[in-house]
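K.L.:
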Amino acid sequence: MRGEWVKRACVFRTNPLALAPFGSCRSRRSAPLPSRRNSSLCPFSPASTTNDRPSRTAAQLRTRPVMSLSTSTVSEVVQQARGIFSKRKPSKELSLKDVQALLQALGQVTVSQVGLAKQAEEERKKTSANPMKLPFLDRYTKREPITYFHIYECADFTVGIFCIPKGESMPIHDHPDMTVCSKVLYGKVHVEAYDKAPDLQDRLELDPAQVLAARQVTDTVVSEDSEAFALFCESNNIHRFSAVESCAILDVLGPPYDSEEGREIAYYRKMLLKELGAEQGNAGPAAAANGDNGDVVVLQKVNPPSDYVVEGREYTGEQVK
Numbered sequence: 001m002r003g004e005w006v007k008r009a010c011v012f013r014t015n016p017l018a019l020a021p022f023g024s025c026r027s028r029r030s031a032p033l034p035s036r037r038n039s040s041l042c043p044f045s046p047a048s049t050t051n052d053r054p055s056r057t058a059a060q061l062r063t064r065p066v067m068s069l070s071t072s073t074v075s076e077v078v079q080q081a082r083g084i085f086s087k088r089k090p091s092k093e094l095s096l097k098d099v100q101a102l103l104q105a106l107g108q109v110t111v112s113q114v115g116l117a118k119q120a121e122e123e124r125k126k127t128s129a130n131p132m133k134l135p136f137l138d139r140y141t142k143r144e145p146i147t148y149f150h151i152y153e154c155a156d157f158t159v160g161i162f163c164i165p166k167g168e169s170m171p172i173h174d175h176p177d178m179t180v181c182s183k184v185l186y187g188k189v190h191v192e193a194y195d196k197a198p199d200l201q202d203r204l205e206l207d208p209a210q211v212l213a214a215r216q217v218t219d220t221v222v223s224e225d226s227e228a229f230a231l232f233c234e235s236n237n238i239h240r241f242s243a244v245e246s247c248a249i250l251d252v253l254g255p256p257y258d259s260e261e262g263r264e265i266a267y268y269r270k271m272l273l274k275e276l277g278a279e280q281g282n283a284g285p286a287a288a289a290n291g292d293n294g295d296v297v298v299l300q301k302v303n304p305p306s307d308y309v310v311e312g313r314e315y316t317g318e319q320v321k
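For the sequence shown, the residue numbers in UniProt numbering are 1 to 321.
1) On a CA-only basis, which of 255, 160, 95 and 152 is nearest residue 146? Give me that one, please.
2) Is residue 88 closer than 9 Å to residue 255 when the C-beta atoms are compared?
3) What residues are listed by DSSP as bridge partners for residue 249?
4) Rounded C-beta distance between residue 221 and residue 244? I'm assuming under 8 Å.
5) Just to confirm, are residue 177 and residue 83 a CB contact at a threshold of 9 Å?
6) Please determine if the segment 263-272 and the segment 298-315 are in contact, where contact requires at least 3 C-beta pairs separated by less than 8 Å.
7) Residue 120 by DSSP, collapsed to three states: which one?
8) Between which two residues does the beta strand (DSSP E) carrying residue 223 extend?
9) On the DSSP bridge assignment, give the partners of residue 352 in chain order.
10) The alpha helix (DSSP H) spanning residue 86 covers which residue range?
11) Using CA coordinates, which residue listed in 186, 196 and 202 is at the minimum distance from residue 122?
12) In three-state terms, what does DSSP make of residue 208?
13) Would you call residue 205 buried or exposed, if buried means 16 or more other Cβ atoms sit within 10 Å of its Cβ?
14) Just to confirm, is the Cβ distance from residue 238 to residue 213 under 9 Å?
15) Check the C-beta distance from residue 274 over to residue 75 and give it rounded, since I have them as a contact under 8 Å.
16) Going by alpha carbons, who is nearest to residue 306 out of 107, 171 and 97?
17) Taking residue 249 as the reference, which of 260, 308, 86 and 107 has the closest Cα?
18) Tell me whether residue 208 is buried or exposed, calling it buried when 16 or more other Cβ atoms sit within 10 Å of its Cβ.
19) Give the straight-line distance between the Cα atoms of residue 104 and residue 148, rounded to the nearest whole angstrom.
20) Helix, strand or coil, according to DSSP, for residue 312 in the structure here?
21) Closer than 8 Å by C-beta to residue 252: which residues in its own chain qualify, once you throw out the five before and the five after it? Chain order, please.
22) Do residue 175 and residue 265 come within 9 Å of each other at the CB atom, strictly closer than that value?
23) Does residue 198 come out as helix, strand or coil in the three-state DSSP assignment?
24) Buried or exposed: where does residue 246 fall if 16 or more other Cβ atoms within 10 Å of its Cβ makes it buried?
25) Out of 79, 85, 315 and 235, state which residue places its alpha-carbon closest to the alpha-carbon of residue 193.
26) For residue 67, which three-state DSSP category applies?
27) Evaluate residue 153 with the Cβ neighbour count: other Cβ atoms within 10 Å of its Cβ, from every protein chain shown; 16 or more gives buried, anything less gives exposed.
28) Using C-beta distances below 6 Å, list every residue in its chain close to residue 228, excluding the 5 sequence neighbours before and after it, in chain order.
29) So, under 8 Å CB-CB, residue 120 and residue 109 are touching, yes? Tell me the CB distance rounded to an integer number of Å.
30) Just to confirm the assignment, what range does the alpha helix (DSSP H) spanning residue 101 have?
31) By DSSP, does residue 75 sit in helix, in strand, or in coil?
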């Protein structure tokens, strides 16, 4: 099962010399596959209480020896996720209460336990030495890819870590009929999330296959000092992660992407109502939404950006039985 959800959602490359855009559903034969305005009512609210070897095949990765660490924090995350997602009916919307124990387990995970202590320390030193990013230097700086460390996968959920370099972002995307529980392990990430607005969708007479009317419900910065958070099937499902500082995000995603079951990723471009009106050559959309506040946006379905790159890396932290 290792890495199967990745095939359905995107392409990862393990070879740094051959990168591929995240979001493509095609597999690359040349590269082996390594095994997302806070309000008090928003379900996003935090819970209270070795170097990669490009020549290594996916089959070899699957047969790697597994450490017996049934009491490890990473194993506890998997156990809590199994208790939630193995019992979940596809149509059931989970609540914050449902994922509370999983969020607490995520909150106990440290960078040392997932093999990222050295990387985290290096990134913190970089941030401390150069807190401000100078835009005019971008042209002389090699762009770093987003990286992904696969930890665990089964038919019900997957666990992994996304590392996003400072200034990079994961484009606006969705997780249809899926729940995402996340914990920032180091750094800071700007999270913006949107809910579909069916009332506006009808009023604006938009084709849902191409354009979605939505309201922004989350706009906040989350750091390693913040608690774990969740994005649900209906609430905060469409979202974007942007690295304010280089960051690592531990994700539990359930169930995994599966186009055959209707869980296929979609990417979006945010438009203001006046932009949509300009494209249509009239002021209809803005007028139709009269009375709504500035949180209203239109999300146009697009292909993933051509420069959106994710690179697979070998996970070296605590293993799971």
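Glycine included, every Cβ here is placed at the ideal spot set by N, Cα and C.
P.N.:
For this structure:
1) Residue mapping note: residue 146 aligns to position 146 of the sequence shown, counting from 1. Of the candidates 255, 160, 95 and 152, the one whose C-alpha sits nearest the C-alpha of residue 146 is 160.
2) Within the sequence shown, numbered from 1, the residue matching residue 255 stands at position 255. Within the sequence shown, numbered from 1, the residue matching residue 88 stands at position 88. The answer is yes: Cβ separation under 9 Å.
3) Position 249 of the sequence shown, counted from the first residue, corresponds to residue 249. According to DSSP, which records beta bridges pairwise, residue 249 is partnered with 162 and 184.
4) Counted from its first residue, the sequence shown places residue 221 at position 221. Counted from its first residue, the sequence shown places residue 244 at position 244. Sure, about 6 Å apart at Cβ, within 8 Å.
5) Working through the sequence shown from its first residue, we reach residue 177 at position 177. Working through the sequence shown from its first residue, we reach residue 83 at position 83. Cβ atoms of residue 177 and residue 83: not closer than 9 Å.
6) yes
7) Here residue 120 refers to the residue found at position 120 of the sequence shown. Helix.
8) In the sequence shown, residue 223 corresponds to position 223, counting from 1. That run of the beta strand (DSSP E) goes 211-223.
9) As shown, the chain starts at 1 and ends at 321. That puts residue 352 outside it, with no answer to give.
10) Numbered from 1 along the sequence shown, position 86 holds the residue referred to as residue 86. Per DSSP, residue 86 belongs to no alpha helix (DSSP H) and is neither H nor E.
11) Position 122 of the sequence shown, counted from the first residue, corresponds to residue 122. Of the candidates 186, 196 and 202, the one whose C-alpha sits nearest the C-alpha of residue 122 is 186.
12) For the purposes of this step, residue 208 is taken as the residue at position 208 of the sequence shown. Correct three-state label for residue 208: coil.
13) The residue labelled residue 205 in the question sits at position 205 within the sequence shown. Its Cβ having fewer than 16 others within 10 Å, residue 205 is exposed.
14) Mapped onto the sequence shown, residue 238 falls at position 238. Mapped onto the sequence shown, residue 213 falls at position 213. Not in contact: residue 238 and residue 213 (Cβ atoms no closer than 9 Å).
15) Here residue 274 refers to the residue found at position 274 of the sequence shown. Here residue 75 refers to the residue found at position 75 of the sequence shown. So it is not a contact: roughly 51 Å between Cβ atoms.
16) On the sequence shown, position 306 is the one that residue 306 refers to. For residue 306, the nearest C-alpha among the options comes from 171.
17) In the sequence shown, counting from the first residue as 1, residue 249 sits at position 249. Nearest of 260, 308, 86 and 107 to residue 249, Cα basis: 107.
18) By one-based count along the sequence shown, residue 208 stands at place 208. Result: exposed.
19) Here residue 104 is taken as the residue at index 104 of the sequence shown, counted from 1. Here residue 148 is taken as the residue at index 148 of the sequence shown, counted from 1. Distance between the alpha carbons of residue 104 and residue 148 is about 23 Å.
20) The sequence position of residue 312 within the sequence shown is 312, counting from 1. The answer is strand: DSSP assigns residue 312 an E or B state.
21) Here the question's residue 252 lines up with position 252 in the sequence shown. Excluding sequence neighbours, residue 252 sits near 77, 81, 102, 106, 157, 158, 159, 180, 181 and 182.
22) The residue labelled residue 265 in the question sits at position 265 within the sequence shown. The residue labelled residue 175 in the question sits at position 175 within the sequence shown. Their beta carbons are under 9 Å apart, which means residue 265 touches residue 175 by this criterion.
23) Here residue 198 corresponds to residue number 198 of the sequence shown, with the count starting at 1. Residue 198 falls in the helix class under three-state DSSP.
24) Against the sequence shown, residue 246 aligns to sequence position 246. Buried, because 16 or more other Cβ atoms sit within 10 Å of the Cβ of residue 246.
25) Stepping through the sequence shown from its first residue, residue 193 is reached at position 193. Out of 79, 85, 315 and 235, 235 has the C-alpha closest to the C-alpha of residue 193.
26) Along the sequence shown, read from residue 1 onward, the residue named residue 67 stands at position 67. Because the pLDDT at residue 67 is just 39, under 50, the model does not fix this residue reliably, and the point stays unresolved.
27) Locating residue 153 in the sequence shown gives position 153, where the first residue counts as 1. Buried is the call here.
28) Translated into the one-based positions of the sequence shown, residue 228 becomes position 228. 47, 103, 106, 107 and 183.
29) What you label residue 120 is simply residue 120 of the sequence shown in a count that begins at 1. What you label residue 109 is simply residue 109 of the sequence shown in a count that begins at 1. So it is not a contact: roughly 12 Å between Cβ atoms.
30) Locating residue 101 in the sequence shown gives position 101, where the first residue counts as 1. From DSSP, the alpha helix (DSSP H) with residue 101 extends over 100-107.
31) Working through the sequence shown from its first residue, we reach residue 75 at position 75. Three-state DSSP puts residue 75 in a helix.
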